[in-house]
Amino acid sequence: TGTGVIRCGDNWGSTGVTMSLNQWVHIALVKSGGSATLYLDGLQKAHLPSGYAISSAGTHFQVGVQYGGIGEFFNGMMDELRIWNVARTQADIKANMFNKDISNNATGLVGYYRFNDGSGTNALETTRTYRRRTGAVVH
Numbered sequence: 006t007g008t009g010v011i012r013c014g015d016n017w018g019s020t021g022v023t024m025s026l027n028q029w030v031h032i033a034l035v036k037s038g039g040s041a042t043l044y045l046d047g048l049q050k051a052h053l054p055s056g057y058a059i060s061s062a063g064t065h066f067q068v069g070v071q072y073g074g075i076g077e078f079f080n081g082m083m084d085e086l087r088i089w090n091v092a093r094t095q096a097d098i099k100a101n102m103f104n105k106d107i108s109n110n111a112t113g114l115v116g117y118y119r120f121n122d123g124s125g126t127n128a129l130e131t132t133r134t135y136r137r138r139t140g141a142v143v144h
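Quick note on numbering: the sequence shown equals residues 6 to 144 in this note's numbering.
What follows is the structure in structure tokens.
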């Protein structure tokens with residue numbers, strides 16, 4: 006097996022964190038103010054104390070691809086993607102990282118792609134707030 010280096014956007018292109026390949030890993034990235042924390046399997050692996058930002062320029066939210074057409078893509082499988090509008094604590098992450106029964110209207114959950122809904126290259130979003138918004142799966 007090899008290792009994969011985890012990048013967290015243009016503001017944090019080198020987290021210094023690698024993960025084993027060919028095994029399932031739970032990854033969580035928490036942004037709070039200008040800081041960001043990266044968790045693997047519920048354990049904090051890296052922290053950027055300042056300078057982390059998410060663009061508000063109206064660009065599309067993307068996971069697994071480098072912004073700007075650079076041609077870097079995630080080469081693997083994803084089972085679920087959850088997007089929260091609250092900074093999750095390490096305890097929150099550990100308690101729910103393998104919970105497949107999380108409520109679609111959980112407080113702060115604004116995007117939930119289970120990847121078992123939709124068809125073709127569309128992934129159906131299942132929260133009550135934004136229900137039926139689809140995301141394109143590009144490969």
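Each residue gets a CB set at the ideal place from its N, CA and C atoms; glycine is no exception.
ALA92 and LEU48 have their C-alpha atoms spaced approximately 16 Å apart. For the pair TYR57 and ARG87, the CB atoms are not nearer than the 9 Å cut-off.
LEU114 counts as buried, since no fewer than 16 other beta carbons sit within 10 angstroms of its beta carbon. When the beta-carbon positions are compared, VAL70 and LEU43 stay at least 9 Å from each other.
Scanning the stretch 41-103 for uninterrupted beta strand (DSSP E) segments of 3 residues or longer gives 48-53 and 86-89, listed from N- to C-terminal end. In the DSSP assignment, ALA33 is bridged to TYR44. Where LEU114 is concerned, the enclosing beta strand (DSSP E) starts and stops at 114-118.
Going by DSSP, SER25 is part of the beta strand (DSSP E) stretching over 23-25. Counting the other CB atoms within 10 Å of its CB gives ILE11 a total of 16 or more, which places it among the buried residues. Per the coordinates, the alpha-carbon of GLY38 lies some 16 Å from the alpha-carbon of GLY14.
Cα atoms of HIS31 and LEU45: separation of roughly 6 Å, rounded to the nearest angstrom.
By the Cβ neighbour-count rule, ALA100 is exposed, with fewer than 16 other Cβ atoms within 10 Å of its own.
Straight-line spacing of the CA atoms in THR20 and ASP97 works out to 22 Å.
GLY9 has MET24 as its beta-bridge partners, per DSSP.
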